[in-house]
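Trainee: For reference, the structure I am asking about is given below.
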Amino acid sequence: MMREVDAKLWKSGNSYVVTIPKKIVKKWKLKEGKELEIIIKKR
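Below, the structure written as structure tokens:
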């Protein structure tokens, strides 16, 4: 199932993190550790 959402990228130590809004996490019933497929579109 494909859904589109705006997310932010930020640096944490030597890694980068993508944040997903809390309302989306709740709506889609996502849990920490859940594997997701991410398609990146540069704006």
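Residue numbers (the numbering used here): 61 to 103.
Each residue gets a CB set at the ideal place from its N, CA and C atoms; glycine is no exception.
Quantities reported herein were computed from a predicted structural model and do not represent experimental measurements.
1) Hey, out of Met61, Lys102, Ala67, Arg103, whose CA is closest to isoleucine 84's CA?
2) Pick from Val78, Leu96, Val77: whose alpha carbon is nearest that of methionine 61?
3) What does lysine 68 pair with, by DSSP beta-bridge criteria?
4) Per DSSP, what kind of secondary structure is lysine 102 in: helix, strand or coil?
Mentor: Let me lay it out:
1) Nearest to isoleucine 84 by C-alpha distance, out of Met61, Lys102, Ala67, Arg103, is Ala67.
2) Residue nearest to methionine 61 within the set Val78, Leu96, Val77 is Leu96 (criterion: CA-CA distance).
3) The beta-bridge partner set that DSSP reports for lysine 68 consists of Thr79.
4) Lysine 102 sits in coil when the DSSP states are folded into three classes, being neither helix nor strand.
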